Each structure stands twice: as structure tokens, then as C-alpha cells.
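Per our numbering, the sequence shown starts with residue -14, numbered consecutively. Note that the Cβ used here is the ideal one computed from N, Cα and C, for glycine as well. Note that this is a predicted model, so its numbers are computed, not measured.
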Amino acid sequence: MALVVFVGSACASGHDVAMGGRRAVIGLDADTFQACAGIPTRTKRLDPRTEILSCELKNENIGGMDFKVPLVSGGFKIAGSGSYCHAIVRVADGKVAEVNYTGDNDDFVGKEGVCAPIMRGCLRAHGRDPEVKTANKGR
-14 MALVVFVGSA CASGHDVAMG GRRAVIGLDA DTFQACAGIP TRTKRLDPRT EILSCELKNE
46 NIGGMDFKVP LVSGGFKIAG SGSYCHAIVR VADGKVAEVN YTGDNDDFVG KEGVCAPIMR
106 GCLRAHGRDP EVKTANKGR
């Protein structure tokens, strides 16, 4: 049991990474953001000063159990993760101004956890990854 507690406390949840990543990239220039998060799937120029970048991720590891009862419409899922995340990044005057997450992106540990891989590279590149800090604490 102690091992489970240790492993759980040593790893940052997807939610923590997604939220930390959102904060970390605000103010980065668009090229630096793309260097750490990857090339966006889609872009849209809104005006000469504003552009939207859409970084999309499909989660193949959704897991959990899905229960459906034929007499009752719908069902429910236990301990599964969402299936996709769209990180919508607004760039104003060449710098990241806002990040919003959309899609079926909640995981079983917290909201928006499926979005973590999009931002994890930026956290690591800029030394703000909670997992890296935890691993380096003992050194």
C-alpha cells in the first residue's frame, strides 16, 4: 500500500500538467510555443494581429468500464478517460495570449487531463514540469 501512495504522489496528474502548461505558455512567442507543443493541426487568422492555433490529440487509452441498461436510455462510464482534446491557443501580436481546452478531455483523476501531452513538452522545455522537479529533488 505504501508503494501505491509513493507512486501516486511522485507523478503529476494529467490535470496538473494541463493547468500548469496553460499558465506556462502564456506570453511565449508563437514559434517557441510550436517548438515545444508541436505544429498545430489547424490555424485561423482572425485579423492582422490575432491568430488561433488548434492543437488536437486523440486519446487511444480511454479504459474504464461502460455500463448500458437496455431499458434506460444512456449509461455511465466508471474510471475511464476522455477520448480527445483540442487545445485552442489564441496568439495576439505574435505571443500566446490565451489557452482553452475543449473536447471529451476529462480523465479519471481530474478535468482536462487528456490535454496533458499537448503541454507536457512545453513544461519540460522550460523547466516547469512537476514530474521533473519531483524526480530531481533527491539529487
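Residue environment for Asp89: exposed (fewer than 16 other C-beta atoms within 10 angstroms of its C-beta).
If you compare the alpha carbons of Leu31, Asp16 and Arg30 with that of Ile24, the shortest gap goes to Asp16. Take Gln19, set aside five residues on each side of it, and the residues of its chain with a beta-carbon closer than 8 Å to its own are Pro25 and Leu38, in chain order.
Residues Gly79 and Lys80 of the same chain have their beta carbon placed closer than 7 Å to that of Asp14, with the five preceding and five following residues left out of the count. Taking each of Pro33, Ile103, Asp32 and Arg34 in turn and checking the Cα distance to Tyr69, the smallest one comes out for Ile103. In the same chain as Thr28, and ignoring 5 residues on each side of it, the C-beta atoms closer than 8 Å to its own belong to Glu36, Ile37, Leu38 and Ser39, in chain order.
Ala101 sits away from Val10, with the two beta carbons spaced by 8 Å or more. Spanning the alpha carbons of Gly6 and Leu108 requires a straight line of approximately 6 Å. The beta carbon of Leu31 lies closer than 8 Å to those of Ile37 in the same chain, with the five residues before and after it left out.
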